[in-house]
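The listed protein sequences correspond, in order, to chains F and W. The numbering used here applies: residue 2 is where the first sequence begins, and numbers increase by one. The numbering used here applies: residue 2 is where the second sequence begins, and numbers increase by one. Each remark here refers to the structure printed beneath this line.
Number of protein chains: 2
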Amino acid sequence: MAVRESRLDDAARAGWLYYVAGNTQDQIAAKLGVSRQSAQRLVSLAVSEGLVRVRIDHPIASCMELARRLKQRFCLQFAEVVPSDPSSTSTTTGIAEATAAEIERRLQSPEPIVMAIGTGRTLKAAIEQLPSMECPQHRIVSLTGNIAPDGSAAFYNVIFTMADTVKARSFPMPLPVIASSPAERKLLHDQPMIHSTLALSAQADVTFVGIGDLGPSAPIFEDGFISRDELTALQEAGAVGEIVGWAFDADGMLVKGITNERVASAPIPSSDTSLVIAAAMGPRKLPGIAAAVKRHIVNGLITDERTASALLNGV
Amino acid sequence: MAVRESRLDDAARAGWLYYVAGNTQDQIAAKLGVSRQSAQRLVSLAVSEGLVRVRIDHPIASCMELARRLKQRFCLQFAEVVPSDPSSTSTTTGIAEATAAEIERRLQSPEPIVMAIGTGRTLKAAIEQLPSMECPQHRIVSLTGNIAPDGSAAFYNVIFTMADTVKARSFPMPLPVIASSPAERKLLHDQPMIHSTLALSAQADVTFVGIGDLGPSAPIFEDGFISRDELTALQEAGAVGEIVGWAFDADGMLVKGITNERVASAPIPSSDTSLVIAAAMGPRKLPGIAAAVKRHIVNGLITDERTASALLNGV
DNA sequence: TATGTTAGTGAGCAAATACCCATTTTTGGA
DNA sequence: TCCAAAAATGGGTATTTGCTCACTAACATA
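Structure below.
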């Protein structure tokens with residue numbers, strides 16, 4: 002362990018000399034007394050361990066403009082648009098960093114806040130970008146259960162990692178994501194501890210969620226939370242996206258019945274009382290994002306240029 | 002102007018694609034429709050314009066340890082030690098970034114604070130690292146005059162740039178740094194506006210200052226604020242450093258007479274009521290730093306590894 | 001003690017990058 | 001409109017970097 006520590010230490014030092022002091026890897030090698038190859042490894046270790054954080058500090062005009070128009074058009078409280086990488090098909094590049102920066106900003110408040118957190122790949126990628134912080138004054142509450150269909154801890158549940166990184170009190174939900182029946186959901190939600198966690202989530206000052214698409218490779222299906230038949234039923238009922246399991250149609254209305262009567266997640270905090278920020282991008286998620294902003298399921302959005310343009314032009 | 006803007010825009014975009022999205026310069030060139038060389042220029046422009054901000058997010062053990070010992074040994078409220086670049090002779094590399102980060106952290110408070118700011122190359126370099134912010138709730142007050150001996154605005158006066166960058170209310174001091182006589186100083190300080198600015202500076206919640214050495218190339222002499230004879234007189238009186246013009250000896254006591262009876266700067270806020278953080282490093286400044294921390298002229302220090310070691314070992 | 005496993009190291013090489021220099025384009029002024 | 005100065009561009013090249021591969025040391029296990 003101590004070895005690993007000191008290695009990370011060296012990595013941080015190498016990363017500092019490389020990125021901040023502007024040394025070449027040769028110079029770093031000489032200073033740290035290792036071979037150039039080792040210096041290179043240290044630098045790349047620092048990068049891969051997330052020790053090196055880069056942010057671009059310039060308001061790119063077109064992104065600012067898109068954000069402004071998004072806010073206006075959809076009456077959003079908050080909008081942030083990051084540049085698109087035209088060739089990347091990732092649905093997290095860029096918005097993960099931007100979401101992390103926004104979460105960090107919120108957590109820097111000295112007054113205690115309640116932050117609600119959804120789930121999914123985008124949020125997970127964002128959480129991984131968070132720096133270590135000391136925020137014992139805040140409370141972070143998960144909106145969704147952390148139990149996967151097979152009984153293991155759900156992989157894309159992010160609250161544990163997050164609470165660990167920022168040292169805040171955390172309130173996970175020891176629940177499945179989707180209960181087996183409406184009655185079971187009621188039973189679970191009536192448990193005192195769960196009940197108080199649900200109450201806490203309703204008081205969230207700020208909420209961060211991802212948006213899942215409901216196409217053929219819907220994450221909620223691929224991760225095994227719903228069956229193929231249920232996915233098909235949702236699609237036939239007009240569902241175009243889901244947030245922490247709650248499926249909604251193109252008008253942003255929650256689908257009646259099917260899985261929605263068994264979703265064990267907390268209700269999405271109301272955008273009247275909470276700032277509800279969705280982080281999502283990409284053509285597959287577009288219908289879901291459009292629906293969510295149209296009906297004010299969310300009142301904040303972090304997305305990329307292309308998605309922002311599509312939102313403004315389309316529909 | 003618009004051209005320059007759009008160029009910076011492109012630079013930001015190129016920097017984003019390079020550092021955040023991980024593209025090679027070839028890919029960026031293709032995406033932006035320019036040659037590889039131009040892409041390279043855009044990236045390096047983004048770096049040199051300070052659009053790209055890198056921070057290392059790992060508590061390097063040896064620096065943490067040095068900071069801990071500095072705090073304990075000199076009863077400091079705050080200490081931060083950054084890695085040294087063994088081959089760099091710059092006296093700002095590293096601490097400028099760290100100082101900027103600390104200033105930024107303080108300004109992120111939603112409660113209004115009063116921040117007092119000194120002068121000098123180190124602070125100037127730090128301010129240049131600050132990102133744009135919106136802090137209308139804070140007040141930033143300069144401790145020193147902003148008029149150079151030749152009547153122009155003093156180059157190393159940083160409050161204007163700073164107030165501009167962070168959009169806070171600023172309170173400069175339309176004064177020379179050193180008055181021509183004690184009587185003139187009194188006259189100046191008795192002006193109502195100046196008087197109230199001085200009063201504000203005494204209430205500072207947090208103060209950032211640099212420390213100037215008083216060796217043969219003392220900045221206060223090189224910038225023409227004092228004459229060679231005055232410098233010699235200060236040296237003979239035992240002065241080892243100065244903060245916003247106030248010269249002090251190795252025991253941290255203000256030198257009597259000479260220039261000190263004419264310094265028009267505000268008194269350094271008391272470290273009993275304000276957090277007074279000095280940002281300084283390098284062997285030339287060592288005696289000054291040692292004196293300042295020993296006598297609690299400052300109760301916070303941002304420095305580099307080498308200087309920290311020297312402080313702890315020496316004396 | 002032999003042996004398999006893992007992590008780390010250095011050499012070498014292809015790719016990527018920084019920089020120099022001649023040329024072209026743009027800008028600003030007469 | 002033309003000219004001169006300044007800025008931008010693209011080619012070429014030396015330097016720097018990322019990566020693979022084979023090797024070694026450390027360690028756990030039989």
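The beta-carbon is built from N, C-alpha and C at its ideal position, and this holds for glycine as well.
query, result
"Examine the Cβ distances between the segment 205 to 214 of chain F and the segment 117 to 128 of chain F and report whether three or more of them are shorter than 8 Å.", "yes"
"Using three-state DSSP, classify LEU1 (chain F) as helix, strand or coil.", "Missing from the structure shown is residue 1 (chain F); chain F here goes from 2 to 316 and no further."
"Would you say LYS32 (chain F) faces chain W, with C-beta separation under 7 Å as the test?", "yes"
"In the DSSP assignment, find the alpha helix (DSSP H) that holds VAL167 (chain F) and state where it starts and stops.", "160 to 167"
"Looking at LEU33 (chain W) and the ligand PLP, is the gap between the Cβ and the nearest heavy atom below 6 Å?", "Absence of the ligand PLP is noted for the structure shown, with no ligands found whatsoever."
"Between the Cα of LEU255 (chain F) and the Cα atoms of F:ALA292, F:ALA281 and F:ASP230, which residue gives the shortest distance?", "F:ALA292"
"Identify whether ALA180 (chain F) lies in helix, strand or coil by the three-state DSSP scheme.", "coil"
"Of the choices W:GLN78, W:ALA127 and W:LEU77, whose alpha-carbon is the least far from that of THR92 (chain W)?", "W:ALA127"
"Please list the terminal residues of the continuous beta strand (DSSP E) segment that includes ARG263 (chain W).", "That residue, ARG263 (chain W), is in no beta strand (DSSP E); it is neither H nor E in DSSP."
"Closer than 8 Å by beta-carbon distance: list the chain W residues that pair up with GLY95 (chain F), in chain order.", "TRP17, VAL21 and ALA22"
"What does DSSP give as the partner residues of ASP305 (chain F) in its beta bridges?", "F:VAL83"
"So GLY301 (chain W) packs on LEU77 (chain W), CB below 8 Å; how close in whole Å?", "6 Å"
"Within the continuous beta strand (DSSP E) that includes SER143 (chain W), where are the two ends?", "140 to 148"
"What does the Cβ neighbour count give for SER275 (chain W), buried or exposed, with the cut at 16 atoms within 10 Å?", "buried"
"Restricting to runs no shorter than 3 residues, where is the beta strand (DSSP E) found entirely within the segment 25 to 67 of chain F?", "53 to 57"
"Determine the closest residue to LEU232 (chain F) out of F:GLY258, F:GLY253 and F:ARG56, with distance taken between C-alpha atoms.", "F:GLY258"
"Below 8 Å, how does it come out for the segment 129 to 145 of chain W and the segment 162 to 175 of chain W: are there three or more Cβ pairs, yes or no?", "yes"
"First and last residue of the alpha helix (DSSP H) that includes PHE222 (chain F)?", "220 to 223"
"Pairs of beta-carbons, one from the segment 50 to 57 of chain F and one from the segment 51 to 65 of chain W, closer than 8 Å: are there three or more?", "yes"
"Closest Cβ-Cβ distance between ALA13 (chain F) and chain W: below 7 Å?", "yes"
"Return the first residue and the last residue of the beta strand (DSSP E) that VAL210 (chain W) is part of.", "207 to 211"
"LEU52 (chain F) touches chain W at which residues, Cβ-Cβ below 8 Å?", "ILE57, ASP58 and HIS59"
"Examine chain F for any beta-carbon lying closer than 7 Å to the beta-carbon of VAL299 (chain W), and answer yes or no.", "no"
"What does the alpha-carbon distance come out to for the pair THR260 (chain F) and GLN130 (chain F)?", "32 Å"
"Quick one: Cα of ALA180 (chain F) to Cα of GLU262 (chain F), how far?", "9 Å"
"Find the nearest neighbour of MET65 (chain F) within the set W:ALA68, W:ASP10, W:ALA47 and W:ALA234, judged by alpha-carbon distance.", "W:ASP10"
"How should ARG98 (chain F) be labelled, buried or exposed, when 16 other C-beta atoms within 10 angstroms of its C-beta is the threshold for buried?", "A small fix is needed here, since residue 98 (chain F) is Glu in this sequence, not Arg. So GLU98 (chain F) ends up on the buried side."
"Is ALA47 (chain F) closer than 7 Å to ALA101 (chain F) when the C-beta atoms are compared?", "no"
"Using a Cβ-Cβ distance under 7 Å, would PRO173 (chain W) count as near chain F?", "no"
"State the DSSP-derived secondary structure class of ALA237 (chain F), mapped to helix, strand or coil.", "Here residue 237 (chain F) turns out to be Glu, not Ala, going by the sequence shown. Helix, per DSSP."
"Whose Cβ in chain F lies nearer than 9 Å to the Cβ of PRO84 (chain W)?", "ALA13, ARG14, TRP17, LEU18, VAL21 and ALA22"
"Taking a Cβ distance cut-off of 8 Å, strictly less, list which residues of the segment 98 to 117 of chain W are near chain F, in chain order.", "GLU98, ARG106, GLN109, SER110, PRO111 and GLU112"
"Could you name the residues of the segment 124 to 137 of chain F whose beta carbon sits closer than 8 Å to any beta carbon of chain W, in the order they occur along the chain?", "PRO132 and SER133"
"At the level of alpha carbons, what is the spacing between ARG42 (chain W) and GLN26 (chain W)?", "10 Å"
"Give me the chain W residues within the contact set of GLN28 (chain F), using Cβ-Cβ distance strictly less than 8 Å, ordered along the chain.", "SER88"
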